[in-house]
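2 protein chains.
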Amino acid sequence: MGTKERRERERQETRDKILEAAREMFATQGIEATTMRAIAQRIEYTPTAIYHHFKDKDALIIELCHGDFARLGRQFTQMERIEDPVERLRRIGMAYVEFAIHNPHHYQIMFMTRTPVHEHPDKNPEEDAYGFLLATVQEGLDAGRFRPELTDAHELAQMTWSSVHGIISLQIAKCHDPWVEWRDLRKTALAIIDALIRGILREGQQA
Amino acid sequence: MGTKERRERERQETRDKILEAAREMFATQGIEATTMRAIAQRIEYTPTAIYHHFKDKDALIIELCHGDFARLGRQFTQMERIEDPVERLRRIGMAYVEFAIHNPHHYQIMFMTRTPVHEHPDKNPEEDAYGFLLATVQEGLDAGRFRPELTDAHELAQMTWSSVHGIISLQIAKCHDPWVEWRDLRKTALAIIDALIRGILREGQQA
DNA sequence: TCATCCACCTAACATCGTTAAATCACACAC
DNA sequence: GTGTGTGATTTAACGATGTTAGGTGGATGA
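Protein chains in written order, with the working numbering: chain L, 10 to 216; chain E, 10 to 216.
And the structure:
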């Protein structure tokens, strides 16, 4: 008799309903403005019901981040078939930008706020976006594509990552400030990626 | 009789005490964790007293930001005497990094969070850090130092700004995450600035 | 002397995340 | 069928937050 299984399934269903509601409300209203009571009301439950499925609001956020990191990682691994590691680097950068444009609020949670510790998931390579970037950089390093003074894969990965993150996060945080004439995000991001790649490539390796 | 002046001065004094307390508590505990009640207790006032000097917590934050932007702008204008605009660009970037290292919490408020509208101050050039960056880039542009496809001063300013902001903000937000082996901030930032500048300079203009 | 003013305080409100304890529905043992 | 759990959900509340209405008290100025 599968009553236990059904119970488990039902439990999972309401858990998913919570996640789904939280996901959309975080994305549209922002994380701070989304209250536990509001999430509960949305799925026609009582606020306390959520605490039966998640320890607290942070746990809810972390779980959502988990899924988002996995999605981002999957986007990256689609670039696996690109032979040239430098070209792959460029494409990773643009995929990152697209992710941010389509999920600005989640981007903010994932990369712009101090998340509560949040240890690494199960190192599943499909979800490990940073690992994929690191591997790509290492490949370029092994092929001798970069300038001789750049030998640290982590440093190179962090350089490329942060240079796209910079323009994304500034525009997310400051897009409404009138004292900067913002340019198109995709265009500026591409210019940054191109400039940075030019700047890290060994002489004679320019595309 | 200067009683009116004295009253005004006294008012200003407690106002400054509030600002000073808030400044330090924001810097050490973080902005969210610093409560209005705590600020009040620190200066031995009642929470409501603060509201006699500032409309609300946001107004307090904005006022502090104001001062911080001015400080940053003053740091920048110290580079005025550097002749070469490209070298000045590099030095601006490093000054920006130093500012962030010494004021991480304020940096977070100034550049990593959506501040409530916060219109531009009085365009005082001494406080307008972005304006100073923009002027430097324009100077390099006029001197024909950059690649021919890069003609927009705002785009160039945003490229250089965001590439240093990227590594700073990532390390501030994610420095405790164990899934990235962070490198020294100053070193990585310098590598990024150098790479980016190499990547935007016209051929034959390399330092 | 007395009304005024203004900095400041007392007391409270609404809302937040969160928790202890009660309730309710339903599967199971006898 | 009747207790007996068990586990999902609710009721009611707690403490903390930002904030506000209304009062207090002491110096000012006529």
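Backbone N, C-alpha and C define an ideal beta-carbon position, used for all residues, glycine too.
Everything numeric in this text was worked out from a predicted model, so none of it was measured.
_Environment of K183/E [buried if 16+ CB atoms lie within 10 Å]_ = buried
*Pick from I206/L, E158/L and L159/L that is closest to S172/L, judged by C-alpha positions*: I206/L
*In terms of alpha-carbon separation, which member of F35/L, Q180/L, E19/L and V189/L lies closest to K66/L?*
F35/L
*Identify the continuous alpha helix (DSSP H) that holds E164/L and give its terminal residues.*
A162 to K183
_For K64/L, report the span of its alpha helix (DSSP H) as first-last._
Segment: none, K64/L is in no alpha helix (DSSP H) and carries neither H nor E.
*asked:* Tell me which residues share the same chain as D137/L and place their Cβ nearer than 7 Å to its Cβ, disregarding the 5 neighbours each side in the sequence.
replied: G82
*asked:* At the 9 Å Cβ level, is F85/E part of the contact set with chain L, yes or no?
replied: no
_Rounded straight-line distance, which links the Cα of H62/E to that of R24/E_ = 6 Å
*Can you name the residues that DSSP bridges to T155/E?*
First, the amino acid is wrong: residue 155/E is Phe here, not Thr. Bridge partners of F155/E: L210/E.
*chain L partners of T57/E, CB-CB under 9 Å?*
Under the 9 Å cutoff, chain L gives no residues; its nearest Cβ is about 24 Å from T57/E.
_Can you tell me where the alpha helix (DSSP H) holding T23/E begins and where it ends?_
T12 to Q38
*Which residue's Cα is closest to the Cα of E41/L: G102/L, L28/L, H185/L and I118/L?*
I118/L
*Mind checking whether V95/E and Q214/E have CB atoms under 9 Å apart?*
yes
_Looking only at its chain, what residues have a beta carbon closer than 7 Å to the beta carbon of H109/E, apart from the 5 residues adjacent to it on each side?_
As written in the sequence, residue 109/E is Ala, which differs from the His given in the question. So the qualifying residues of the chain are Y116 and I177.
*Contact belief for I48/L with I59/L at Cβ below 8 Å, rounded distance in angstroms*: 6 Å
*Reducing DSSP to helix, strand and coil, say where M119/L ends up.*
helix
*Is the shortest distance between the beta-carbon of D77/L and the beta-carbons of chain E less than 9 Å?*
no
_Residues near W170/L in its chain [Cβ-Cβ closer than 7 Å; skip 5 each side]_ = L142
_Residues of its chain near R100/L, where Cβ-Cβ distance is below 8 Å and the 5 sequence neighbours each way are ignored_ = M88 and I91
*Is it true that the CB of A204/E sits closer than 9 Å to the CB of M103/L?*
no
*asked:* Against chain E, does K66/L count as a neighbour if the rule is that its beta carbon must be under 9 Å from one of theirs?
replied: no
*C-beta neighbour in chain E for Y54/L, strict 9 Å*: no
_Distance between beta carbons of G153/E and R211/E, contact taken as under 8 Å_ = 7 Å
*Which residues in the same chain as M10/L place their Cβ atom closer than 6 Å to its Cβ, once the five residues preceding and following it in sequence are excluded?*
Legend: pLDDT at M10/L = 46, less than 50; position of this residue unreliable, value from coordinates given subsequently. Here the set comprises nothing.
_Comparing C-alpha positions only, which one of T86/E, Q180/E and R123/E sits nearest to R195/E?_
Q180/E
*On the three-state DSSP scale, how would you describe Q87/E?*
helix
*Under 9 Å between C-beta atoms of L159/E and A198/L*: no
*Which residues of chain L have a Cβ atom closer than 9 Å to the Cβ of H174/E, listed in chain order?*
S171, H174, G175, I176, S178 and L179
*Consult DSSP for D193/E and reduce its assignment to one of helix, strand or coil.*
coil
*Counting only beta-carbon atoms, is E190/E nearer than 9 Å to chain L?*
yes
*asked:* Quick check: what's the CA-CA separation for R32/L versus T12/E?
replied: 58 Å
*Distance, Cα to Cα, Y54/E vs K64/E?*
16 Å
*Does DSSP put Q215/L in a helix, in a strand, or in coil?*
coil
_In whole angstroms, give me the CA-to-CA distance for E190/L and I202/L._
20 Å
*asked:* Spatial neighbours of T43/L within its chain, please: C-beta separation below 6 Å, excluding the five flanking residues on both sides.
replied: M34 and F35
*Got a sec? Which residues, its chain only, sit under 6 Å from A79/E by beta carbon, not counting five neighbours each side?*
E136
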